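Enquirer: Taking the working numbering, the leading residue of the sequence shown gets 19, the next gets one more, and so forth.
Backbone N, C-alpha and C fix where the C-beta goes; we use that ideal spot for every residue, glycine too.
For clarity, every value in this text was computed on a predicted model and none was experimentally measured.
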Amino acid sequence: MLSQDARYFDQARDEIARVAQTRGTSLRLAGRGLRAIPPEIGDLVALRELDLRSNLLTELPASIGRLVNLRELHLDANRLKALPEEIVGLRKLQHLGVSSNRLESLPERVGSLTALKSLHLRGNQLTVLPRSLGRLDLNRGGGLLLEGNPFKDPLPSLIASGITNLLTYLRSLDDGEPQYEAKLLLVGEGEVGKSSLLARMRGESFIEGRSTTHGIEIRRLELDHPSLVGSQIVLNAWDFGGQEIYRITHQFFFSRRCMYLVVWNPRQGREANEVEDWVRRIRLRVGEDAKVLIVATHSDIRRPELDYNSLRSRFPTIIVGNHAIDSKSGSGLQELRSSLAQESSLLPQMGELLSRKWALARQEILGLPEPQISHFEFSTVAIKHGLGIDETTALAALLHDLGHIVHYGDDAGLKDIVVLQPEWLTKAIGYVLEDVGTREAGGILDHTRLREIWQSAEDDYPERYYPYFLRLMEKFDVSYRLPNTHASLIGQLVPYERPEIPWMQDGDANRRLSLVCVMNEEAPGLIAWLTVRNNRFSAGVHWRKGVFFRHQAYASEALLEITAERTLLLDVRAPSPDYFFSVLRDGIEDLIAARWPGLQYQLLIPCPGTNGRHPCGGQFSFRTLQRYRERQRATIDCQECLESQDVTRLLTGFEAPRVSLQDSLDKLHIDHARVLAGLGRLEAYAADAARQIRVVLKAIASESGECPRLFTMEETQQTSITNWWKTTFSLTLWCEHPGGEHSWPAATYEVHRPNEWVQQIAPYGLLVAKTLKLLVPFASTAISDVFDADDAERVNRHLAMMKDLAGEVNELGDSRDALGGGSGTKISVAEGAALRALATFLNEEDVSQGWGGLRRRMTSSGDFVWICPRHYGLYDPGLPELPAQL
Numbered sequence: 019m020l021s022q023d024a025r026y027f028d029q030a031r032d033e034i035a036r037v038a039q040t041r042g043t044s045l046r047l048a049g050r051g052l053r054a055i056p057p058e059i060g061d062l063v064a065l066r067e068l069d070l071r072s073n074l075l076t077e078l079p080a081s082i083g084r085l086v087n088l089r090e091l092h093l094d095a096n097r098l099k100a101l102p103e104e105i106v107g108l109r110k111l112q113h114l115g116v117s118s119n120r121l122e123s124l125p126e127r128v129g130s131l132t133a134l135k136s137l138h139l140r141g142n143q144l145t146v147l148p149r150s151l152g153r154l155d156l157n158r159g160g161g162l163l164l165e166g167n168p169f170k171d172p173l174p175s176l177i178a179s180g181i182t183n184l185l186t187y188l189r190s191l192d193d194g195e196p197q198y199e200a201k202l203l204l205v206g207e208g209e210v211g212k213s214s215l216l217a218r219m220r221g222e223s224f225i226e227g228r229s230t231t232h233g234i235e236i237r238r239l240e241l242d243h244p245s246l247v248g249s250q251i252v253l254n255a256w257d258f259g260g261q262e263i264y265r266i267t268h269q270f271f272f273s274r275r276c277m278y279l280v281v282w283n284p285r286q287g288r289e290a291n292e293v294e295d296w297v298r299r300i301r302l303r304v305g306e307d308a309k310v311l312i313v314a315t316h317s318d319i320r321r322p323e324l325d326y327n328s329l330r331s332r333f334p335t336i337i338v339g340n341h342a343i344d345s346k347s348g349s350g351l352q353e354l355r356s357s358l359a360q361e362s363s364l365l366p367q368m369g370e371l372l373s374r375k376w377a378l379a380r381q382e383i384l385g386l387p388e389p390q391i392s393h394f395e396f397s398t399v400a401i402k403h404g405l406g407i408d409e410t411t412a413l414a415a416l417l418h419d420l421g422h423i424v425h426y427g428d429d430a431g432l433k434d435i436v437v438l439q440p441e442w443l444t445k446a447i448g449y450v451l452e453d454v455g456t457r458e459a460g461g462i463l464d465h466t467r468l469r470e471i472w473q474s475a476e477d478d479y480p481e482r483y484y485p486y487f488l489r490l491m492e493k494f495d496v497s498y499r500l501p502n503t504h505a506s507l508i509g510q511l512v513p514y515e516r517p518e519i520p521w522m523q524d525g526d527a528n529r530r531l532s533l534v535c536v537m538n539e540e541a542p543g544l545i546a547w548l549t550v551r552n553n554r555f556s557a558g559v560h561w562r563k564g565v566f567f568r569h570q571a572y573a574s575e576a577l578l579e580i581t582a583e584r585t586l587l588l589d590v591r592a593p594s595p596d597y598f599f600s601v602l603r604d605g606i607e608d609l610i611a612a613r614w615p616g617l618q619y620q621l622l623i624p625c626p627g628t629n630g631r632h633p634c635g636g637q638f639s640f641r642t643l644q645r646y647r648e649r650q651r652a653t654i655d656c657q658e659c660l661e662s663q664d665v666t667r668l669l670t671g672f673e674a675p676r677v678s679l680q681d682s683l684d685k686l687h688i689d690h691a692r693v694l695a696g697l698g699r700l701e702a703y704a705a706d707a708a709r710q711i712r713v714v715l716k717a718i719a720s721e722s723g724e725c726p727r728l729f730t731m732e733e734t735q736q737t738s739i740t741n742w743w744k745t746t747f748s749l750t751l752w753c754e755h756p757g758g759e760h761s762w763p764a765a766t767y768e769v770h771r772p773n774e775w776v777q778q779i780a781p782y783g784l785l786v787a788k789t790l791k792l793l794v795p796f797a798s799t800a801i802s803d804v805f806d807a808d809d810a811e812r813v814n815r816h817l818a819m820m821k822d823l824a825g826e827v828n829e830l831g832d833s834r835d836a837l838g839g840g841s842g843t844k845i846s847v848a849e850g851a852a853l854r855a856l857a858t859f860l861n862e863e864d865v866s867q868g869w870g871g872l873r874r875r876m877t878s879s880g881d882f883v884w885i886c887p888r889h890y891g892l893y894d895p896g897l898p899e900l901p902a903q904l
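(1) Whole angstroms are fine: how far does the CA of Gly404 sit from the CA of Ile59?
(2) Using 10 angstroms around the beta-carbon of Glu409, count the other beta-carbons present and answer buried if the total reaches 16, otherwise exposed.
(3) Are Glu207 and Glu292 closer than 8 Å when you measure CB to CB?
(4) Beta-carbon within less than 6 Å of Ile236's beta-carbon, same chain only, minus the 5 sequence neighbours each way: which residues are those?
(5) I need the boundaries of the alpha helix (DSSP H) containing Ala852, first residue and last residue.
(6) Which complete alpha helix (DSSP H) runs does the region 250-307 hold, if anything under 4 residues is left out?
(7) Determine the closest residue to Thr132 out of Leu184, His113, Thr76, with distance taken between C-alpha atoms.
(8) In three-state terms, what does DSSP make of Asp428?
(9) Is Gly159 helix, strand or coil by DSSP?
(10) Just to check, is the beta-carbon of Val536 closer than 7 Å to a non-hydrogen atom of the ligand COA?
(11) Could you tell me which of Glu90, Ala100, Asp69 sits nearest to Ala80, measuring between CA atoms?
(12) So, helix, strand or coil for Gly194, using DSSP?
(13) Is the beta carbon of Gly141 sitting closer than 8 Å to the one on Ser118?
(14) At what residues does the alpha helix (DSSP H) containing His418 begin and finish?
(15) Please classify Asn73: does DSSP put it in a helix, a strand, or coil?
(16) Quick one, are the C-beta atoms of Tyr26 and Gly49 less than 8 Å apart?
(17) Using a 10 Å radius around the Cβ and a threshold of 16 neighbouring Cβ atoms, would you call Gln903 buried or exposed?
(18) If contact is defined by three or more beta carbon pairs under 8 Å, each pair taking one atom from either stretch, is the region 635-645 in contact with the region 611-618?
(19) Have a look at Cys276, Leu372, Arg46, Gln250 and flag the residue whose alpha-carbon is nearest the alpha-carbon of Leu184.
(20) With DSSP collapsed to three states, give me the class of Arg529.
(21) Would you say Asp596 and Thr670 are within 8 Å of each other, going by their C-beta atoms?
(22) Over what stretch of residues does the alpha helix (DSSP H) that includes Leu329 continue unbroken?
(23) If I'm right that Leu154 touches Leu173 with Cβ under 8 Å, what's the distance once you round it to whole angstroms?
(24) Give the straight-line distance between the Cα atoms of Ile343 and Ala217, rounded to the nearest whole angstrom.
(25) Let's test the definition: count the other Cβ atoms within 10 Å of the Cβ of Ala582 and tell me whether it reaches 16, buried, or not, exposed.
(26) Terminal residues of the continuous beta strand (DSSP E) containing Lys563?
(27) Using a Cβ-Cβ cutoff of less than 6 Å, which residues in the same chain neighbour Leu124 once the five nearest sequence positions on both sides are dropped?
(28) Would you kindly work out how many angstroms separate the C-alpha atoms of Pro501 and Leu586, rounded to a whole number?
(29) Have a look at the DSSP bridge pairing and note the partners of His138.
(30) So, do the region 429-438 and the region 379-397 have three or more beta carbon pairs nearer to each other than 8 Å?
(31) Here's the rule I'm using: 16 or more other beta-carbon atoms within 10 Å means buried, otherwise exposed. How should Ser594 be labelled?
(32) Thinking just about the alpha-carbon of each residue, which of Trp547, Phe859, Glu458, Ala541 is nearest to the one in Lys493?
(33) By Cβ distance below 8 Å, which residues in the same chain neighbour Ser72 in space, the five residues on each side in sequence not counted?
(34) Looking at the structure shown, is Pro898 part of a helix, part of a strand, or coil, going by DSSP?
(35) List the residues that DSSP assigns as beta-bridge partners of Pro366.
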């Protein structure tokens with residue numbers, strides 16, 4: 019009897035033979051349990067699409083390189099560690115999906131796949147990328163997807179700054195030279211001797227009574243490489259002032275894969291120096307990707323007393339050494355230099371290549387004496403060293419992400435200034451945080467007092483920089499502008515006293531969702547950052563340990579509050595609370611991931627049951643509830659009240675079956691009919707519609723995020739629907755601002771495509787049509803600020819036509835399940851293919867990728883959306899206008 023694996027293999031061989039006999043162009047073997055692919059697959063020379071997703075493949079046969087006509091190759095969700103070199107022979111390949119595998123490398127000649135439009139590599143084990151990848155045009159047609167790989171520096175920062183910058187960097191490596199450079203951060207309490215230590219390691223003389231560091235000072239430290247004779251390691255040493263007021267702003271410059279010296283003075287005692295607390299802060303901010311040396315100063319005067327073994331047992335992957343030195347006598351300094359050189363040489367970025375031109379430009383720019391320069395001056399230096407426009411942009415993004423400069427090239431108000439000395443900036447912010455008048459005003463910074471704050475300071479900042487500082491404080495989530503005033507709210511300086519919470523009084527009509535976030539340690543500034551990040555929901559109620567939000571359009575309210583040490587409560591009340599709840603919950607997780615990657619936390623959902631006459635004190639793990647729902651387990655038992663609870667109700671506030679995206683949209687259209695019949699609230703329907711639109715956009719983002727995703731189509735020539743393949747259409751992209759979605763006529767494209775193309779995009783077109791139809795009921799209501807009755811009529815007409823086209827395609831032979839079939843949070847296979855076809859069209863029609871002015875921006879919940887100029891000010895308000903009298 020054949021084994022199961024052998025049976026699956028033979029079935030695949032039979033399917034290959036069938037397709038070979040009919041000269042078929044498509045072979046789908048997804049989800050067949052295959053551990054190997056028959057080598058005969060190379061005989062299918064006419065094949066254009068091969069789907070091998072969701073199998074158990076560990077390798078591919080070399081014969082796959084003979085599929086010279088292949089356009090799409092789907093290998094996602096297998097166990098592949100490598101791709102055969104022969105794959106580079108697929109010169110017509112346009113899409114290659116290898117996400118959710120175990121890839122450790124890519125073929126060096128992957129750049130030979132010159133027709134490739136999209137390469138999906140999410141969720142693998144890639145640490146580097148071949149430089150030939152830079153030759154591919156992967157900014158279009160679905161792009162390059164790389165999330166979920168453990169890349170070495172500088173790839174993570176380049177990926178975050180945009181695929182264009184990444185590809186430009188890879189192309190630049192043709193003249194690359196190895197670099198032995200890293201960042202060194204000296205942290206600790208004030209007046210423990212950090213500056214004296216750095217000076218002595220640099221070979222400078224000891225200065226008695228050296229002045230205290232305020233903010234940050236940056237110096238260059240050169241060490242002999244421990245194993246490469248004649249080579250040096252360059253450490254850019256950041257000396258941080260220990261004053262408490264600067265600690266939150268200093269967190270912005272803590273970086274991964276750096277060396278840290280935690281410096282303490284034994285004369286003051288271990289507890290006063292907070293040695294363990296400093297190590298904890300480093301781990302909280304950068305996770306396990308840091309290396310720490312504990313350094314005791316003044317050791318000739320007093321012998322350090324520190325239980326190093328106990329400390330290292332609590333931080334085994336971070337702490338790598340313990341030293342005692344005396345800056346005055348020089349004792350212990352040579353041993354510290356040697357240890358620092360040894361540990362620095364082991365950092366993963368050591369020896370990585372950087373273009374010689376880029377290195378020379380970087381060296382000159384960072385050597386300039388000014389605290390800041392214009393972007394024009396930055397570009398002039400880069401061009402002098404032979405960098406082009408794209409290379410200059412990529413270099414600025416790389417230096418910003420590595421902490422060498424501060425430059426926001428995508429911000430209208432900030433893109434013209436490049437800060438070369440971050441301490442110049444942090445001091446300016448520090449003066450605001452120390453301002454007594456702002457603190458006494460409940461955190462409200464009156465812009466008429468800016469001159470008083472910044473010109474009375476020892477640095478005497480010129481007035482022309484005031485708008486820049488204010489905008490940068492907004493980028494750092496330190497403050498936000500108060501509407502219709504010349505003032506900002508500083509999140510860290512709001513009052514301590516908890517106010518009365520102004521919940522609306524229609525509690526009977528509301529449902530309630532709650533969540534508790536339990537953290538393993540305190541996240542400094544958590545409430546302040548949540549207050550600033552979510553300021554568009556502000557109800558004017560905030561204090562040091564909490565903030566109250568209101569979403570007027572959806573009749574939704576929320577309380578975020580630190581209720582106990584290391585415990586954050588989220589409480590949302592609304593007719594339909596799920597949308598506001600998910601936005602705020604995702605915002606919490608996104609903030610933690612961005613600010614404190616080393617923070618461990620657990621999300622818990624309180625049990626709504628009772629224990630006698632008292633509320634049940636039980637809690638459910640949010641992650642466990644999600645897994646229950648994914649496995650279609652409807653209920654879960656509480657260990658406290660012993661009652662069975664509905665899983666979906668715990669997660670969303672109401673009971674609902676888990677269905678496909680298409681079915682979810684159909685249900686909402688039924689809900690709208692109930693609203694029209696007076697059986698439901700419009701605000702509740704609006705919240706449910708907003709939630710579903712967000713779910714759809716997140717599902718789409720998993721396939722493609724490099725171009726706008728929502729669109730409508732309009733017939734521009736009057737012909738019979740039966741001759742639709744001869745009809746000319748116009749396709750208009752949409753602004754995706756949450757709650758303000760609308761068509762954007764400036765992003766309209768003429769479509770002159772044949773029958774085949776309309777068949778390709780129909781599954782995705784139907785999903786979009788159903789999604790956008792949810793917005794029509796809000797025309798001429800307070801819920802939509804851009805949608806009026808005329809818009810609704812026009813959109814309805816366009817959506818009806820899109821639905822008709824999708825239906826015609828279905829009748830012309832597409833399988834019925836091609837127009838759906840995705841899960842509740844994923845689009846279907848057919849919808850994904852249709853989306854890629856649409857993206858290819860858009861990128862061919864709009865080579866500059868201008869999209870009529872639509873720009874990609876991130877919301878406070880961590881979602882990326884495409885925004886029109888009309889809404890862009892909500893994401894990038896530009897520089898504030900100062901009052902006439904300062």
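Expert: According to the structure shown:
(1) 48 Å
(2) buried
(3) With respect to Glu292, Glu207 sits close: the two C-beta atoms are nearer than 8 Å.
(4) Trp256
(5) 847-863
(6) 265-268, 288-291, 293-304
(7) His113
(8) coil
(9) Legend: pLDDT at Gly159 = 47, less than 50; position of this residue unreliable, value from coordinates given subsequently. Three-state DSSP puts Gly159 in coil, outside helix and strand.
(10) In terms of ligand content, the structure shown is empty, and the ligand COA therefore cannot be addressed.
(11) Ala100
(12) strand
(13) Pairing Gly141 with Ser118 gives a Cβ-Cβ distance under 8 Å.
(14) 407-419
(15) coil
(16) no
(17) With fewer than 16 other Cβ atoms from the protein chains shown falling within 10 Å of its own Cβ, Gln903 counts as exposed.
(18) no
(19) Leu372
(20) DSSP, reduced to helix, strand and coil, places Arg529 within a strand of the structure shown.
(21) yes
(22) For Leu329, the enclosing alpha helix (DSSP H) begins and ends at 326-332.
(23) 16 Å between Cβ atoms; not a contact.
(24) 13 Å
(25) Classification for Ala582: exposed.
(26) Lys563 -> no beta strand (DSSP E), and no H or E assigned at all.
(27) Only residues of its own chain outside the window of five on either side were considered, and among them Pro148 have a CB closer than 6 Å to the CB of Leu124, listed in chain order.
(28) 28 Å
(29) Gly115, Leu163
(30) yes
(31) Its Cβ being crowded by 16 or more others within 10 Å, Ser594 is buried.
(32) Residue Trp547 is the option with its Cα nearest to Lys493.
(33) Ala48, Gly49, Asp94, Ala95, Asn96
(34) coil
(35) DSSP output for Pro366 lists no bridge partner at all.
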